[in-house]
Amino acid sequence: MKIRVLKFGGTSVGTPERVKNVVDILIKGQEKQPLAVIVSAFSGVTDQLIEMCTIASRGDEKYLTILDKFIEKHNQFADALLGNERQTIAKLFDAKIANLRDLLHGIFLLKELSLKSLDFVMCFGEWFSCQIITAKLREAAVSAEFVDARKLVRTDARFGSARVDFATTSELTNYYF
Numbered sequence: 003m004k005i006r007v008l009k010f011g012g013t014s015v016g017t018p019e020r021v022k023n024v025v026d027i028l029i030k031g032q033e034k035q036p037l038a039v040i041v042s043a044f045s046g047v048t049d050q051l052i053e054m055c056t057i058a059s060r061g062d063e064k065y066l067t068i069l070d071k072f073i074e075k076h077n078q079f080a081d082a083l084l085g086n087e088r089q090t091i092a093k094l095f096d097a098k099i100a101n102l103r104d105l106l107h108g109i110f111l112l113k114e115l116s117l118k119s120l121d122f123v124m125c126f127g128e129w130f131s132c133q134i135i136t137a138k139l140r141e142a143a144v145s146a147e148f149v150d151a152r153k154l155v156r157t158d159a160r161f162g163s164a165r166v167d168f169a170t171t172s173e174l175t176n177y178y179f
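So the sequence shown is residues 3 to 179, counted in the numbering used here.
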């Protein structure tokens with residue numbers, strides 16, 4: 003089966019209106035052939051995550067203020083974009099936010115930010131945007147499934163500048179699709 007891969011960067015999903023445009027593109031595109039879609043974090047979110055980590059690593063509780071803004075932004079997107087799926091997303095968000103809060107608190111307590119921790123926290127942006135977009139597609143009666151890229155993409159252990167292991171990634175991706 004031939005699959006078309008589409009990637010949307012942070013600016014193309016920077017506002018709820020832009021997300022709606024992406025969803026329209028995906029609805030039309032999936033009618034022609036199956037799609038695998040890669041979505042970045044919403045515009046500005048990766049910077050928020052880095053800032054939270056940096057501030058927490060200084061032992062400064064102000065990271066919580068940025069975390070609140072992060073949560074608010076994703077709730078605003080979910081509220082603007084979702085209907086029936088909103089409650090399902092809220093439950094997913096609560097669990098993931100608790101996880102993020104715990105990670106940031108650990109960084110705060112240790113006053114230490116490793117590249118491994120930073121990489122792990124940064125993936126939260128993509129997770130949230132993908133969940134919202136997947137839910138929006140399901141509301142539009144599109145058969146859409148969230149797949150955590152960490153299940154398909156393998157890299158070396160060079161945190162902060164990892165390189166993709168293309169052979170293993172290709173094998174995992176081909177097996178999945």
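Glycine included, every Cβ here is placed at the ideal spot set by N, Cα and C.
Check                                                                                                                                                                : Outcome
Taking C-beta to C-beta, are residue 73 and residue 109 nearer than 7 Å?                                                                                             : no
If I measure Cβ to Cβ from residue 139 and keep anything under 8 Å in the same chain, skipping five residues before and after, which residues do I get?              : 25, 28, 29 and 146
Cβ of residue 31 versus every heavy atom of the ligand PLP: is any distance shorter than 6 Å?                                                                        : The ligand PLP is absent from the structure shown, which contains no ligands of any kind.
With a cut-off of 8 Å, do at least 3 Cβ pairs link the stretch 55 to 62 to the stretch 110 to 121?                                                                   : yes
Quick one, which of 14, 40, 22 and 20 has its alpha-carbon nearest residue 6's?                                                                                      : 40
Going by the beta-carbon positions, is the gap between residue 47 and residue 127 smaller than 7 Å?                                                                  : yes
What residue from 154, 156 and 117 has the CA that sits closest to residue 163's CA?                                                                                 : 117
If you draw a straight line from the C-alpha of residue 19 to the C-alpha of residue 92, how long is it?                                                             : 20 Å
Contact defined as beta carbons within less than 8 Å: I believe residue 82 pairs with residue 88. What is the distance between those atoms, to the nearest angstrom? : Contact flag wrong, Cβ pair sits at about 10 Å.
Using only the alpha-carbon positions, how far apart do residue 54 and residue 17 sit?                                                                               : 21 Å
Determine whether the beta carbon atoms of residue 106 and residue 65 lie at a separation below 7 Å.                                                                 : yes
With a threshold of 16 other CB atoms inside 10 Å of the CB of residue 166, please say whether the residue is buried or exposed.                                     : exposed
Roughly how many whole angstroms lie between the Cα atoms of residue 68 and residue 50?                                                                              : 7 Å
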